[in-house]
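In the working numbering, the protein residues as written are 8 to 150. The block underneath contains the structure these notes are about, expressed in structure tokens.
Set out below in structure tokens:
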């Protein structure tokens, strides 16, 4: 059974493998495209959520916090903050309770002096994020 490995055999293996993996790529792309709308919570996006996202970006919250695992790990994960802090009132209360000059000797979130409308928008954004199906990520509820 010692048959020589010829160029024709190598070419057939290459083309066959290429076609197989291209079809596998197409199947996975199609499956992901169809599964994504069920996981991303897009029905909950409104103007307040968009404004909260803009505030998140303008104030560089990702410079300290992570969101669904993306961002800095200096401060807690905020993908599950809506549940951990007890909803909109808990989020707004926590943000408003930050001292102006921080806590001496400790890392602390600064006081941003958000208006009530901005606080509502941030809370709405964090509520939206909490509704995204993350397949139980992060595993630690504490963030």
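Idealized CB from N, CA, C, for every residue including glycine.
Residue i burial status per 10 Å Cβ neighbour count (16 or more: buried)
i, result
"residue 98", "buried"
"residue 59", "buried"
"residue 65", "exposed"
"residue 37", "exposed"
"residue 128", "buried"
"residue 124", "exposed"
Residues of its chain near residue i, where Cβ-Cβ distance is below 8 Å and the 5 sequence neighbours each way are ignored
i, result
"residue 72", "78, 79, 81, 82, 83, 84 and 85"
"residue 138", "48 and 51"
"residue 133", "59, 85, 88, 89 and 98"
When the options are compared against residue i, the one with the closest alpha-carbon
i, options, result
"residue 168", "27, 39 and 130", "What is shown of the chain runs 8 to 150, which leaves residue 168 out entirely."
"residue 113", "39, 105 and 119", "105"
"residue 69", "41, 128, 116 and 17", "116"
"residue 119", "140, 76, 147 and 62", "62"
"residue 121", "27, 15, 14 and 101", "101"
Beta-carbon proximity list for residue i, same chain, < 6 Å, skipping 5 on both sides
i, result
"residue 74", "85 and 86"
"residue 54", "none"
Beta-carbon proximity list for residue i, same chain, < 7 Å, skipping 5 on both sides
i, result
"residue 57", "none"
**Q.** Whole runs of the alpha helix (DSSP H) within the segment 22 to 73, excluding any shorter than 4 residues
**A.** Taken in chain order, the complete alpha helix (DSSP H) segments of 4 residues or longer contained in the segment 22 to 73 are 54 to 65.
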